[in-house]
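Enquirer: So the protein sequences, as listed, match chains X and B.
According to this note's numbering, the first sequence is numbered sequentially starting from 4.
According to this note's numbering, the second sequence is numbered sequentially starting from 117.
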Amino acid sequence: MSESTSESIVKHTSKTAITMIAFAFIGTALLAYVFEITRAPIEASEAEARLALFKQILPESSYDNNLLKQTIKIAPNELLGNHRPTEANIAILDHKMAAVILEALAHDGYSGDIKLLIAIRADGSISGVRVLAHKETPGLGDYIDVAHSQWIKLFNDESLAKTPAKQWQVKKDGGKFDYMVGATITPRAVVKAVLKAEQYFAMNKEAFFAKPENAISAQAELIQKSKD
Amino acid sequence: MNNIYKEITINGLWKQNTGVVQLLGLCPTLAVTTSAVNGLSLGLATALVMAAANGSVSPVRKLVPSEIRVPVFILVIATLVTVIDMSINAFAHPLHKVLGIFIPLIVVNCIVLARVESFAAKNTTVPSMLDGFMMGSGLMLVLGLLGAIRELVGKGTILSGLDLVFGPSAIPFMWASTDYHGLLLAVLPPGAFLGLGSLIAIRNWIEIRNTAKAKILAPVLNPSLNH
Chain X
4 MSESTSESIV
14 KHTSKTAITM
24 IAFAFIGTAL
34 LAYVFEITRA
44 PIEASEAEAR
54 LALFKQILPE
64 SSYDNNLLKQ
74 TIKIAPNELL
84 GNHRPTEANI
94 AILDHKMAAV
104 ILEALAHDGY
114 SGDIKLLIAI
124 RADGSISGVR
134 VLAHKETPGL
144 GDYIDVAHSQ
154 WIKLFNDESL
164 AKTPAKQWQV
174 KKDGGKFDYM
184 VGATITPRAV
194 VKAVLKAEQY
204 FAMNKEAFFA
214 KPENAISAQA
224 ELIQKSKD
Chain B
117 MNNIYKEITI
127 NGLWKQNTGV
137 VQLLGLCPTL
147 AVTTSAVNGL
157 SLGLATALVM
167 AAANGSVSPV
177 RKLVPSEIRV
187 PVFILVIATL
197 VTVIDMSINA
207 FAHPLHKVLG
217 IFIPLIVVNC
227 IVLARVESFA
237 AKNTTVPSML
247 DGFMMGSGLM
257 LVLGLLGAIR
267 ELVGKGTILS
277 GLDLVFGPSA
287 IPFMWASTDY
297 HGLLLAVLPP
307 GAFLGLGSLI
317 AIRNWIEIRN
327 TAKAKILAPV
337 LNPSLNH
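(1) What residue from Phe212(X), Glu161(X), Glu10(X), Tyr146(X) has the CA that sits closest to Ala186(X)'s CA?
(2) In chain order, what residues of the same chain have a beta carbon less than 6 Å from the beta carbon of Trp291(B), not counting five sequence neighbours either side?
(3) Can you list, in chain order, the residues of its chain whose CB lies under 7 Å from that of Ala205(X), leaving out five sequence neighbours each side?
(4) Does any residue of chain X have a CB that is nearer than 8 Å to the CB of Leu211(B)?
(5) Using a threshold of 8 Å, state whether the C-beta atoms of Val232(B) and Asn133(B) are closer than that.
(6) The ligand FAD heavy atoms versus the CB of Leu34(X): any closer than 7 Å?
(7) Does DSSP classify Val149(X) as helix, strand or coil?
(8) For chain B, find out if any of its Cβ atoms is closer than 8 Å to the Cβ of Ser162(X); answer yes or no.
(9) So Thr187(X) contacts chain B; which residues on that side make the cut at Cβ distance below 9 Å?
(10) Would you list, in chain order, the members of the stretch 186–203 of chain B that have their beta-carbon closer than 8 Å to a beta-carbon of chain X?
(11) Buried or exposed, going by whether 16 or more other CB atoms sit within 10 Å of the CB of Ser182(B)?
(12) With distances taken between CB atoms, is the gap from Ala89(B) to Ile219(B) smaller than 8 Å?
(13) By DSSP's criteria, Val103(X) is part of a beta bridge. Which residues make up the other side?
(14) Give a yes or no on contact between the stretch 257–274 of chain B and the stretch 292–309 of chain B, applying the rule of three or more CB pairs nearer than 8 Å.
(15) Under three-state DSSP, which class holds Leu108(X)?
(16) Along the chain, where does the beta strand (DSSP E) that runs through Val232(B) open and close?
(17) CA-CA distance, Leu135(X) and Gln172(X)?
(18) Contact between the stretch 25–43 of chain X and the stretch 87–101 of chain X is defined here as three or more beta-carbon pairs at a separation below 8 Å; is this criterion met?
(19) Please state the DSSP three-state secondary structure of Arg266(B).
(20) Within 8 Å of any Cβ in chain B, is that where the Cβ of Ala223(X) sits?
(21) Given a limit of 7 Å on CB to CB distance, which residues of the stretch 22–40 of chain X reach chain B?
(22) What residues are listed by DSSP as bridge partners for Leu183(X)?
(23) Using the beta-carbon of each residue, which ones in chain X are nearer than 8 Å to Asn298(B)?
(24) Is it true that the stretch 145–153 of chain B meets the stretch 249–268 of chain B, where meeting means three or more beta-carbon pairs spaced less than 8 Å apart?
(25) How long is the line joining the alpha carbons of Ala194(B) and Asn320(B), rounded to whole angstroms?
(26) Can you give the beta carbon distance from Leu221(B) to Ile124(B), rounded, assuming they're within the 8 Å contact cut?
(27) For Gly131(X), which beta-bridge partners are listed by DSSP?
(28) Taking 8 Å as the threshold (beta carbon to beta carbon), is Ala52(X) in contact with chain B?
(29) Cutting at 6 Å between CB atoms, please list the residues of its own chain near Lys14(X), excluding the five before and the five after it.
(30) Is there a C-beta anywhere in chain X that falls below 8 Å from the one on Glu323(B)?
(31) Buried or exposed: which applies to Leu71(X), given that a residue is buried once 16 or more other Cβ atoms fall within 10 Å of its Cβ?
(32) Quick one: complete alpha helix (DSSP H) runs, 4+ long, within the stretch 279–319 of chain B?
(33) May I ask you to report which of helix, strand or coil DSSP gives Asn80(X)?
(34) What's the gap between the Cα of Lys208(X) and the Cα of Glu139(X)?
(35) What is the DSSP secondary structure of Asn85(X), counted as helix, strand or coil?
(36) So, for Ser152(X): in the same chain, excluding its five sequence neighbours on each side, which residues have a beta-carbon less than 7 Å away from its beta-carbon?
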């Protein structure tokens, strides 16, 4: 009696397990198939979205290389605020470094990190800045987003040479940058982050300039050294 | 047979509406309805997942031992959601940027599992698919309506962001007020609760009025009851 009961338990258990495995297998196979057919379109649309963003902050006429392929690894550092290595895109015109596109994080926004994309020309002037991601209050702090206002374009053509570091503040704090009443914390964070990115560029200029076509790893090393 | 389909439709859209009657899946209802387009898009994605989940669980319902019913259902739902997530990412990339973080959340939206458990596990395939789709559509209507209200009050726009879904050709359907700057509260989380509360109240009001009307009309329709 007890033997047959335990036998039926074993039978029942294995049947249940096999059913579960069968469903898991079918699900995995389906996912693998869909992943395979959607991978190329996803990559293409991601690259397209990125290039469209680059176009906003760096005129297409100012470079002749493939921005997505010309990258430099940037080690985590305080000036850019990145905790993980990021990539900077290098724009090249006539075999000379024309501009660099940096990603920067501002940690002192009103809520959460503000992720910025900053294009800096070889002479240190800013070609353009865009907000990639933010969690600022809708209707208040979100005017840093170009979809809501033109504020972010205040940075166009700014540089450390044109505006001393002291002036890189919102008007309320005695600087030169406008802000909207009721939301000062957000623009304060953005101005500070752009200033720090400018300083980072100034400190690592040689690395960005050095033979842009090759020796990418050597450049990466240089950047790390200058950071230390 | 037709009666079943009619009943399923009425249940999904009105009587058992997930958004304002069953109050299941409140997390996306409250979180994504900052605009009509966001609400409708997530509602549509949920309706598709529910139809697909019900449709794929129903034919295999007799093969699944009851002990592992829930894990198998969750597995099916998670697979379908991931497939839809990847498809939207590949073929409607800008929309994915807007809805991206909410699509995986459909998996944990209890309304999907609830319909699979309570309907698809007991009924044949076609009614199950219809049930999933109608329950999802009921949710979509609530999400769209709530989104539209919050958008109009909060930002003074109608259908903003429609071009992200249908491309630049949809721009003529979008409307934005030029001199209204919006009541911020409507877009912030409290606006979601206030808006949903109003919708529930309106639905209850209509329901109570209909019942009262039916009671008044009943003697007229059935004169024999007058005695």
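Don't be surprised by glycine CBs; every beta carbon is placed ideally from N, CA and C.
Expert: Reading from the atomic positions:
(1) Closest option to Ala186(X), Cα to Cα, is Tyr146(X).
(2) Closer than 6 Å at Cβ, skipping near neighbours: Ile274.
(3) Within the same chain, Ala205(X) has close Cβ partners Gly127, Leu163.
(4) Taking a beta-carbon distance threshold of 8 Å, Leu211(B) does not count as an interface residue toward chain X.
(5) Not a contact, by the Cβ cut-off of 8 Å.
(6) For the structure depicted, the ligand FAD is absent and the ligand set is empty, with no information on it obtainable.
(7) Reduced to three states, the DSSP call for Val149(X) is coil.
(8) Not an interface residue.
(9) The contacting residues do not exist; Thr187(X) stays about 17 Å from chain B at best.
(10) If the cut-off is 8 Å between Cβ atoms, the stretch 186–203 of chain B has Pro187, Val188, Leu191, Val192, Ala194, Thr195, Thr198, Val199, Met202, Ser203 near chain X.
(11) Counting Cβ neighbours within 10 Å, Ser182(B) comes out exposed, since fewer than 16 surround it.
(12) Beyond the ends of chain B as shown, which are 117 and 343, falls residue 89(B); an answer cannot be given.
(13) In the DSSP output, where bridge partners are listed per residue, Val103(X) has Ile93(X), Ile123(X).
(14) A contact exists between the stretch 257–274 of chain B and the stretch 292–309 of chain B.
(15) Reduced to three states, the DSSP call for Leu108(X) is strand.
(16) Element bounds for Val232(B): n/a, residue is neither H nor E.
(17) Straight across, the Cα-Cα distance linking Leu135(X) with Gln172(X) is about 21 Å.
(18) Touching, no.
(19) Looking at Arg266(B) - three-state DSSP - the assignment turns out to be helix.
(20) Residue placement at Ala223(X) is poorly supported in this model, since its pLDDT is 49, which falls under 50; the coordinates still yield a value, given next. For Ala223(X), the closest Cβ of chain B is not nearer than 8 Å.
(21) Listed by position, the residues of the stretch 22–40 of chain X near chain B (Cβ gap below 7 Å) are Thr22, Met23, Phe26, Ala27, Gly30, Leu33, Leu34, Val37, Phe38.
(22) This sequence places Met at residue 183(X); Leu is not what is there. BP columns for Met183(X) point to Ala186(X).
(23) As written in the sequence, residue 298(B) is Gly, which differs from the Asn given in the question. Neighbours of Gly298(B) in chain X, taken as residues at a C-beta separation under 8 Å, are given in chain order as Gly142.
(24) The answer is yes - the stretch 249–268 of chain B touches the stretch 145–153 of chain B, with three or more Cβ pairs under 8 Å.
(25) Going by the C-alpha atoms only, they are around 34 Å apart.
(26) That belief does not hold up - the Cβ atoms of Leu221(B) and Ile124(B) are roughly 26 Å apart, past 8 Å.
(27) Listed as beta-bridge partners of Gly131(X) by DSSP are Ala122(X).
(28) Yes, its Cβ sits closer than 8 Å to a Cβ of chain B.
(29) Here the set comprises nothing.
(30) For Glu323(B), the nearest beta carbon of chain X is not closer than 8 Å to its own beta carbon.
(31) Only exposed fits Leu71(X), as fewer than 16 other CB atoms lie within 10 angstroms of its CB.
(32) Secondary structure in the stretch 279–319 of chain B: the alpha helix (DSSP H) runs of 4 residues or longer, each lying completely within the stretch, are 300–303 in chain order.
(33) Asn80(X) falls in the strand class under three-state DSSP.
(34) Spanning the two alpha carbons is a distance of roughly 32 Å.
(35) Here Asn85(X) sits in strand by DSSP.
(36) Within the same chain, Ser152(X) has close Cβ partners Tyr146.
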